[in-house]
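Right, one structure below, let's go through it.
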Amino acid sequence: MKCIILEDEKAAQELLQGYLEKTPFTTHLGTYESGLDIRPKEIQAADVLFLDVQLPELNGLQFLKTLVKPTKIIVTTAFTDYAI
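Sequential numbering from -9 applies to the sequence shown in the working numbering.
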């Protein structure tokens, strides 16, 4: 499973990257700090996008609305207001 991380905080990036390294069936395609840094081709190549809610310039939920055919999304956040 090919994964991309969209997260602006280093500690959270490292945590997610560590989880991916420990999961044998995943491949880490890249980590980005802003949705403006990712090209649509890169998103289409991924099976899963780990998406932070709070991001600079364009928050994660706004970024999600820009995707024409979104891949599977796992929303990540440190804010309990977004928890279901």
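Every residue, glycine too, gets a C-beta built ideally from N, C-alpha and C.
>> Taking only three categories from DSSP, how would you classify residue 59?
In response: coil
>> What does the Cβ neighbour count give for residue 27, buried or exposed, with the cut at 16 atoms within 10 Å?
In response: exposed
>> Taking the alpha carbon of residue 61 as the reference point, which residue from 37, 11 and 55 has its own alpha carbon closest?
In response: 37
> Hey, how far is the Cα of residue 40 from the Cα of residue 71?
Replying inline: 18 Å
>> Relative to the C-alpha of residue 31, which candidate in 0, 67 and 59 has its C-alpha closest?
In response: 59
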